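Protein chains in written order, with this note's numbering: chain A, 1 to 235; chain B, 1001 to 1235.
Note that the Cβ used here is the ideal one computed from N, Cα and C, for glycine as well.
The model shown is predicted, which means the values in this text are computed figures rather than measured ones.
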DNA sequence: GTAACTTTGTGCGTTCATTCACAAAGGGGT
DNA sequence: ACCCCTTTGTGAATGAACGCACAAAGTTAC
């Protein structure tokens, strides 16, 4: 479908990265409203539900098109559809989870996947005591099957939830097998060829950022007794 | 310690948020180098290990002070210490994990916490079949004990790993009990009073962002047959 | 001691993101 | 049919982040 991009004069505006990162948040908020039976929402209300400034919300939505009605607001259901379409959630994405530790299990059981068009086609691990276990309706396969599973199911997104040392070699393998998007939970920076996207989620990094702000509130970094912050030497 | 902030003329420069978010990445890269016995590193090498541009790395580090040596580079161990200090990792932070599902378990067993000064003081859940279990050396407590545990242990960071519906009420309780930083894994936008920091990690949001880019590569959003992207009506 | 070389730290122009503030657009009441 | 009220969509202003490119600073070799 969509055999080629419309290459005529009016190209689809590139949506800013910052906006793309917020669209899923809006989507979540909208689905919450929908469940509560709300049919129409103003930018002010939706912005507040999503935790952003309303002008920012309107500008974000304006990048998708003009889907609001002045004096009224946005129709919830229609907006859900438009955002979903823009994010590519109206089609199905096939995912493989690599590494079946606690985190891999948590991911497999996470409801937020299936409901947004992500289908887990396989879970793989190198540990023989894990292979064969049934988790969230799937049987854990041996990592040897990696290429087979990717190709047979048309996996396009790999989720790497292994220890750090295993991540890069496995990443190389999934990329070689045709995967073009990787979600990395391992605590390493993956290097991938041009054209492959990697996003990294690092639990301890988030905590460290919190710690920084926490320290801020408490009065800045712990300084040596004697206490300069640091000296700008400009003689 | 550090009874009050140096309020004299030369205030500590505010470190840009984007820089703060990268410091943990540098720290991780540096620790990797240290383990490999590397004592000194240039901005170019470190930048490449961290996956960023070297000028950006140097500018980031310059916000902490002037810790490099021209013609040589940075001393790994010293830089580790300086970044750790800046992030507040030279002191201990006491954490409570709220919600002991798969994700809570994964977090409890995650090695990246203890090694960076985060001590898990308690794990709590509302489910009686989980309460009393021993996980990662801790006994799961009933959620009734929340306030007690926070106050007795001086918990300053709460990690919320509950279902969405439970998150806001629990967040209110931890904040009321004195917690000023929250790491939220629940799929909701938490509202908190001024002065409390919240960071959100949402597994499905990351996947959705990947899906967007994946769709991009494949030729843009799925359009209706007939195929305009959208119509700008400016009559 | 000096010259050649390496690498940091940063000034500056550019691009990206946020916010304000308002004109234009639509709905509803009379 | 008209006017008033609400809310969108967006110019324009401001601010944050990025990355180039280079002078200043330090090291090494002779």
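Quick one: list the residues of chain A neighbouring residue i, beta-carbon separation under 8 Å, in chain order.
{"i": "residue 1215/B", "result": "87, 88, 91"}
{"i": "residue 1193/B", "result": "Correct list: empty, because the minimum Cβ distance to chain A is about 13 Å."}
Can you give the beta carbon distance from residue i to residue j, rounded, assuming they're within the 8 Å contact cut?
{"i": "residue 1030/B", "j": "residue 1043/B", "result": "With a Cβ gap of about 12 Å, residue 1030/B and residue 1043/B do not count as contacting."}
{"i": "residue 1158/B", "j": "residue 1131/B", "result": "About 18 Å separates the two Cβ atoms, so there is no contact after all."}
{"i": "residue 1023/B", "j": "residue 1103/B", "result": "Not confirmed; about 25 Å, so no contact."}
{"i": "residue 143/A", "j": "residue 177/A", "result": "That pair is no contact at about 12 Å."}
{"i": "residue 190/A", "j": "residue 167/A", "result": "6 Å"}
{"i": "residue 1033/B", "j": "residue 1049/B", "result": "7 Å"}
{"i": "residue 95/A", "j": "residue 125/A", "result": "Their Cβ separation, rounded to whole angstroms, is 15 Å, which puts residue 95/A and residue 125/A out of contact at 8 Å."}
{"i": "residue 203/A", "j": "residue 1117/B", "result": "Actually they are not in contact, since the Cβ atoms of residue 203/A and residue 1117/B sit about 14 Å apart, beyond 8 Å."}
{"i": "residue 67/A", "j": "residue 46/A", "result": "The pair is not a contact, with the Cβ atoms about 12 Å apart (cut-off 8 Å)."}
{"i": "residue 170/A", "j": "residue 98/A", "result": "6 Å"}
{"i": "residue 1073/B", "j": "residue 1019/B", "result": "Incorrect: roughly 19 Å between the Cβ atoms, too far for contact."}
{"i": "residue 1186/B", "j": "residue 1209/B", "result": "Not really, about 19 Å apart at Cβ, beyond 8 Å."}
Along chain B, in chain order, which residues have C-beta atoms closer than 9 Å to that of residue i?
{"i": "residue 16/A", "result": "Ordered by position in chain B, no residue passes the 9 Å Cβ test against residue 16/A, which lies about 12 Å from the chain."}
{"i": "residue 110/A", "result": "1102, 1103, 1203, 1204"}
{"i": "residue 116/A", "result": "1204, 1207, 1208, 1211"}
From which residue to which residue does the alpha helix (DSSP H) around residue i run?
{"i": "residue 1141/B", "result": "Premise fails: residue 1141/B lies in the beta strand (DSSP E), 1138 to 1142, not in any alpha helix (DSSP H)."}
{"i": "residue 1216/B", "result": "1203 to 1218"}
{"i": "residue 1164/B", "result": "1164 to 1176"}
{"i": "residue 124/A", "result": "No alpha helix (DSSP H) holds residue 124/A; the beta strand (DSSP E) holding it covers 118 to 125."}
{"i": "residue 18/A", "result": "17 to 35"}
{"i": "residue 1152/B", "result": "1146 to 1153"}
{"i": "residue 1111/B", "result": "1111 to 1114"}
By the criterion of Cβ-Cβ separation under 7 Å, what are the contact partners of residue i in chain A?
{"i": "residue 1206/B", "result": "183, 199, 201"}
{"i": "residue 1028/B", "result": "187"}
Could you please give the first and the last residue of the uninterrupted beta strand (DSSP E) stretch that includes residue i?
{"i": "residue 993/B", "result": "In this structure chain B extends from 1001 to 1235, so residue 993/B is not present and cannot be described."}
{"i": "residue 1197/B", "result": "1197 to 1200"}
{"i": "residue 157/A", "result": "157 to 160"}
What does residue i touch in chain B if you count any residue whose Cβ is under 8 Å from its own?
{"i": "residue 284/A", "result": "Because chain A here runs from 1 to 235, residue 284/A falls outside it and cannot be looked at."}
{"i": "residue 180/A", "result": "1214, 1217"}
Taking C-beta pairs closer than 9 Å, name the residues in chain A that residue i reaches, listed in chain order.
{"i": "residue 1050/B", "result": "189"}
{"i": "residue 1186/B", "result": "Ordered by position in chain A, no residue passes the 9 Å Cβ test against residue 1186/B, which lies about 11 Å from the chain."}
{"i": "residue 1025/B", "result": "189, 200, 202, 205"}
Taking 8 Å as the cut-off, does the CB of residue i come closer than this to any heavy atom belonging to the ligand HEM?
{"i": "residue 1221/B", "result": "This structure does not include the ligand HEM; it has no bound ligands of any sort."}
Can you pull the chain B neighbours of residue i, defined as C-beta to C-beta under 7 Å?
{"i": "residue 107/A", "result": "1203"}
{"i": "residue 210/A", "result": "1157, 1181, 1183, 1197, 1199"}
{"i": "residue 20/A", "result": "1209, 1212"}
Next on the checklist: Runs of 3 residues minimum, wholly inside the stretch 40 to 104 of chain A: which ones carry the beta strand (DSSP E) assignment?
Outcome noted: 73 to 75, 93 to 98
Checklist entry - Relative to chain A, which residues along the stretch 1059 to 1075 of chain B have a C-beta separation below 8 Å, given in chain order? => result 1064, 1065, 1066
Checklist entry - Relative to chain B, which residues along the stretch 155 to 171 of chain A have a C-beta separation below 7 Å, given in chain order? => result 156, 157
Next on the checklist: Short of 8 Å Cβ to Cβ, which residues in the stretch 1130 to 1142 of chain B face chain A?
Outcome noted: none
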